[in-house]
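A short write-up of the structure that comes next.
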Amino acid sequence: MEEIVVRSWDNPIIRESYEWMLRVGRKLKEKLVLVGGWATYLQAQNLDSRALPSLDIDFVALKENFRGIEKHLLADNFVPVSFRYIKYYHETLDGGLKEISLEDSKRIPPLNLENCFWTSYGMKR
């Protein structure tokens, strides 16, 4: 039951993840391919089927395109962590989200943080 609550459009991090997926996807559509949960969700919507929205944003790209993709993610304040790019949020009293820096995120208990992840998978040509 908890999974349904977490993966609901009522959850502000779901809406934020969706907006970032659209924003970056539109900018870089020639350079990356959406895979994973959001790709499944969008395909289910196209088929008039039901699916749960995703939390993280997964993409595949050619290795030679990664520098340009990373440049855009860094410009949008995503922080590189291993093979992911993370944007940290803290939930506000009114139920919204406030973007916070990596440094600020270290002072907040993890239970009180929300994260938006871009997960990258590279392919050689």
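Note that the sequence shown ends on residue 121 in this note's numbering; no numbers are left out.
The beta carbon of each residue, even a glycine, is placed where N, CA and C say it ideally should be.
As the structure is a prediction and not an experimental result, all values here were calculated from the model.
Of the residues the options, the one placed nearest residue i, counting alpha carbons only
i, options, result
"residue 84", "5, 73, 33 and 90", "73"
"residue 33", "25, 26, 22 and 3", "3"
"residue 11", "111, 36, 118 and 59", "111"
"residue 6", "58, 40 and 91", "91"
"residue 55", "100, 41 and 16", "16"
"residue 82", "89, 42 and 116", "116"
"residue 71", "23, 14 and 38", "23"
Counterpart residues of residue i in DSSP-defined beta bridges
i, result
"residue 62", "For residue 62, which the question treats as bridged, DSSP gives no partner whatsoever."
"residue 56", "29 and 117"
"residue 86", "94 and 109"
Supposed contact pair residue j and residue i - C-beta distance, whole angstroms, cut 8 Å
i, j, result
"residue 63", "residue 113", "With a Cβ gap of about 20 Å, residue 63 and residue 113 do not count as contacting."
"residue 9", "residue 51", "7 Å"
"residue 20", "residue 68", "6 Å"
Beta-carbon proximity of residue i to residue j, cut-off 9 Å
i, j, result
"residue 65", "residue 28", "yes"
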